[in-house]
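Counting in this note's numbering, the sequence shown runs without a single skipped number right up to 598 at its last residue. Reading through the structure tokens given below for one structure.
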Amino acid sequence: MFGRTSCWPRRMALLIVIATVGAQVVAAAGMVSGKYIGNGKPAQLAFARVIPHEKWQDETAYTLILTEKDASKVEKPDFDAMFGKLGHALVINVTQSGSIFGTQVCHQALEKSGFSTVGPIKIERFAAAGGKMSARFFTEGEQEFSGDKWSVDLEIKDVPLPR
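In structure tokens:
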């Protein structure tokens, strides 16, 4: 009987560790908030990942991949996002100073999902420092591409930069 009760504190400690780690995973998934709408249908982008991009006009650049499904273990998340393997997605190429130079809109409610665009998505409050990226990405109202209608108003916070 004594042996069973002495394990209780260890089991409680283990449960507390598991609960804490689980909460941290949920917090990491919450790095993306806001709206991503395609043809009137909202998409939940829960995951953000930044990978290196080759320099753009002699400046350090990144590819930001916002996805419905976790892409943390995917070898080429930008590629998989474009082909719908990660659910709804938005892929944004951005420089260290916060200039957007490419975007792939991969909302599954769009007939032309996976199209590239430059210009409609604006950026504000951009920061890529201290090993993390934060910003707001938005369109000024609903946009149209080949009959599809879409809009973005997303905030990312503390997304780890590649090492």
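Every residue, glycine too, gets a C-beta built ideally from N, C-alpha and C.
- DSSP places A562 in the strand class (E or B) of the three-state scheme.
- Assignment of beta strand (DSSP E) within the region 525-592, counting only whole runs of 3 or more residues, yields 535-541, 550-552, 556-564, 567-574, 578-580 in chain order.
- With contacts defined as CB atoms closer than 8 angstroms, F580 and T552 qualify as a contacting pair.
- Contact annotation: the region 539-549 does not touch the region 490-497, with fewer than three C-beta pairs closer than 8 angstroms.
- The Cβ atoms of L499 and I527 sit closer than 8 angstroms to each other.
- Collapsing the DSSP output to three states places F482 in a strand.
- Pairing A481 with E503 gives a Cβ-Cβ distance under 8 angstroms.
- Distance from the CA of G549 to the CA of G565, rounded to the nearest whole angstrom, comes to 31 angstroms.
- Beta-bridge analysis with DSSP links H488 to A496.
- The shortest C-alpha to C-alpha distance from I556 to any of A506, L521, D588, K547 is the one to D588.
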